[in-house]
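Report on the following structure.
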Amino acid sequence: MISSPVVLIGELIVDVTLQTASAPTKVRMGGVFHACRGAWAIGADWQLGYFSPSYLVPDLAELMSSHAAKGAAKIGEITGAPSVMLIGDATESGPQGYEHLLRDHAEYSFDQGALKELTDCDAEILIIAGNFDLRSVLQVLADTELRVHVDIGSGPTMLEDLKALRRPLSTLFLSTSSPAFSALAPTLPDSIHQLVDKLAEKVILKENRGGARLFFRRSVVEVGSQRRATVHSVGVGDVFDVVYVTLAHDIGDEAALSYASWLAAEYAGTTFPADFRKAAERALMLKPQEILALPSIRLPWEARPSYPIYIAAPDFDYVNRAPIDQLVECLRYHNFSPRLPIRENGQANQNMSVAEKQRLFEADMALLSECSVLVAVNLFEDPGTMIEIGLAAAAGKPTILYDPYAKAQNVMLTQLPEAVSESLEVIVTAVFDSISRVWSTQ
Amino acid sequence: MGSAGSARFSDYPDKPSQKVVSGGRHGLSGGTSGDDPCDRAFSAVLEDFEQSGYFKSHGIPPVVGTEIVVEKDKRVFARIRGAESIGNLPTRFNYLAGCMAFGRTYVGRVSSVISGPITKITIDAAPQ
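Put into structure tokens, the structure is as follows:
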């Protein structure tokens, strides 16, 4: 497999993953450097054009050397902010808990000459957009014939900014967590098709744990995502980008997307670079036809609401419902449709008549029947929740148990569901897997 | 109240693994965790038993304790040692394909069989 040389452009950020109940704080070079690790891991020739505060430059020099960089140029200075990202929920089970410190105070200078010199070569150009002025960078590249790929990322970049290249990008990467995606989401996939050839020859939509798809002319290539135990999700999409960009020319879009998906999962599985590189070497030992044949998880964004999720829980107004609310927020973030029977149909009380109780019971049973999957939240031993788990399992519905306080001990409770975990990340992934299975058989 | 310090970057690939303690939490820094997933034993609930060669030949599940080997064809699957396949490993075990491409082999036993509308077979396996 021959990887194309690549020049990576973006800003350096210090990623600080805050301590959790089980792990200490971890500090890593982030921002565009995630993509650098991806290029290094697959053995690609890579160079870096970076925006950075001055204090990071000595550390970067050592990191560049240990990641076999072919060259680097500082193309801009960041002042007014430390370029530090605080990361709360590193796994992106729900809305990302990222805090870019003093982001709005940051000012970016731009050295056009340095960029011109760096890109005076024959390489793919991959820009990981951030808070710098992408238009200025594209205006410089407009005077070249280089193949330019942009990941619009989670910064303030607008799709209109991409016109500064004065020709379509080679590839535009979007993810379902990009701010720019929210305007496109309601009319998928047509909204993406309309970008093809106007803004980019190819548009790749990364759909988190549900895979990715590439839009090219009127056709679509889809790949599923791979599964590993997720340690973090920071920079995982950037690794996906660089693997695709460097391999597509040699092995074609579908195989390159499959390797990209594989290596993104490996990157999410560790924060240790040597471990990641070893995993990448093993993946690259697999031939394209082998990697294409292995199973993966595909679930398009717009398909997800069609598979409602019954939330079985003691969701009463006198109970601390925070774990239920957190679960629902995570599921909605991924465009799933959680249904809350007590909030939708009403809460029973001791003064209700038999007829009123019967109405509630029937409404809840109808909702359960309507849903494709059940996720139970085990706050305490609530008989209603237990019965609903049994009913759903007996009806053949995928049944998942979120056990936030790790209280489940009864063997029916621990063995009957497809997945049992106190981790929201595991539960959200299990929802993707279960609904993907239902979706793929319909 | 004192403050904890994140003294330095922890992700140089050529740096050896080091134990760190921060804020009362223990962790590791350095290039490698020292934990290779290819070296780990694992337990897996198999998929597609009803489509497996073993089920087609015998019509019943294997008994607990039967020796198995894990192999790769289009998928990563388990086979009764010297006999037919008994099912595929779930997608999250795809990484074993990379391990096997590097020469690792995995053997183990059927550790549990639950019969029902869908037979649930669990295997325990470890690198050889």
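If you read the sequences in order, they're chains A and B.
All letters in the first sequence, in the order written, are residues 0 to 441 by numbering that gives the first Met the number 0.
All letters in the second sequence, in the order written, are residues 0 to 127 by numbering that gives the first Met the number 0.
Glycine included, every Cβ here is placed at the ideal spot set by N, Cα and C.
Just so we're clear, the structure is a prediction, and the values are computed from it rather than from any experiment.
Distance from the Cα of residue 370 of chain A is smallest, within the candidate group A/400, A/338, A/299, for A/338.
Contact annotation: the region 97-113 of chain B touches the region 57-70 of chain B, with at least three C-beta pairs closer than 8 Å.
Residue 53 of chain A counts as exposed, since fewer than 16 other beta carbons sit within 10 angstroms of its beta carbon.
For the 9 Å CB-CB criterion, residue 53 of chain B and residue 278 of chain A do not form a contact. For residue 254 of chain A against residue 296 of chain A, the beta-carbon gap comes to about 18 Å, at or over 8 Å, which does not count as contact. In its chain, beyond the 5 residues on either side, 118, 124, 147, 164 have a beta carbon closer than 7 Å to the beta carbon of residue 140 of chain A. Chain B places no beta carbon closer than 9 Å to that of residue 0 of chain A, leaving this residue out of the contacts. Using a Cβ distance threshold of 9 Å, residue 427 of chain A and residue 333 of chain A count as a contacting pair. When the five nearest sequence neighbours on each side are left out, the beta carbons in the same chain lying within less than 6 Å of the beta carbon of residue 252 of chain A are those of 213, 220, in order along the chain. Here residue 364 of chain A is exposed, its C-beta having fewer than 16 other C-beta atoms within 10 Å. In this structure residue 285 of chain A touches residue 97 of chain B by the C-beta definition: roughly 6 Å separates them, less than 8 Å. Counting only runs of 4 or more residues that sit fully inside the region 301-364 of chain A, the alpha helix (DSSP H) segments are 321-332, 340-344, in chain order. Annotation: residue 13 of chain A to residue 262 of chain A spans about 22 Å, alpha carbon to alpha carbon. With contacts defined by Cβ atoms closer than 9 Å, residue 55 of chain A and residue 70 of chain A do not form a contacting pair. For residue 33 of chain A, the enclosing alpha helix (DSSP H) covers residues 32-40.
Interface annotation, residue 186 of chain A: not in contact with chain B, CB-CB separation never under 9 Å.
Interface annotation, residue 8 of chain B: in contact with chain A, CB-CB separation under 9 Å. Residues of the region 89-119 of chain B with a C-beta less than 7 Å from any C-beta of chain A: 90, 91, 93, 94, 96, 97, 98, 100, 101, listed in chain order. Uninterrupted beta strand (DSSP E) stretches at least 3 residues long and entirely within the region 81-164 of chain A occur at 83-86, 97-99, 123-127, 147-150, given in chain order. Annotated three-state conformation of residue 277 of chain A is helix, per DSSP. Counting along the chain, residue 57 of chain A sits inside the alpha helix (DSSP H) bounded by residues 56-65.
Residues 315, 316 of the same chain have their beta carbon placed closer than 7 Å to that of residue 346 of chain A, with the five preceding and five following residues left out of the count.
As for any beta strand (DSSP E) of minimum length 3 sitting wholly inside the region 66-125 of chain B, the runs are 66-71, 75-79, 84-87, 105-113, ordered along the chain. Excluding its 5 nearest sequence neighbours in each direction, residue 74 of chain A has C-beta neighbours in its own chain below 6 Å: 48, 110, 113, 114, listed in chain order. Apart from the 5 residues on each side of it in sequence, residue 265 of chain A sits with its Cβ closer than 7 Å to the Cβ of 227, 275, 278, 279, 282 in its chain, given in chain order. For residue 149 of chain A, there are no C-beta contacts with chain B under 9 Å, since the nearest C-beta of that chain is about 26 Å from it.
Under the three-state reduction of DSSP, residue 412 of chain A is assigned to helix. Straight-line spacing of the CA atoms in residue 188 of chain A and residue 329 of chain A works out to 23 Å.
Between residue 420 of chain A and residue 390 of chain A, the gap from beta carbon to beta carbon reaches 9 Å or more. For residue 14 of chain A, the enclosing beta strand (DSSP E) stretches over residues 5-16. Using a 10 angstroms sphere on the CB of residue 185 of chain A, the tally of other CB atoms stays under 16, which defines it as exposed.
In this structure, the CA atom of residue 63 of chain A is about 18 Å from the CA atom of residue 76 of chain A. Within the model, the alpha-carbon separation for residue 98 of chain A versus residue 60 of chain B is close to 52 Å. Residues of chain B with a Cβ closer than 7 Å to the Cβ of residue 51 of chain A do not exist, since the nearest Cβ in that chain sits about 14 Å away. Between residue 250 of chain A and residue 294 of chain A, the beta carbon gap of about 20 Å keeps them out of contact (Cβ cut-off 8 Å). Residue 138 of chain A and residue 162 of chain A have their C-alpha atoms some 9 Å from each other.
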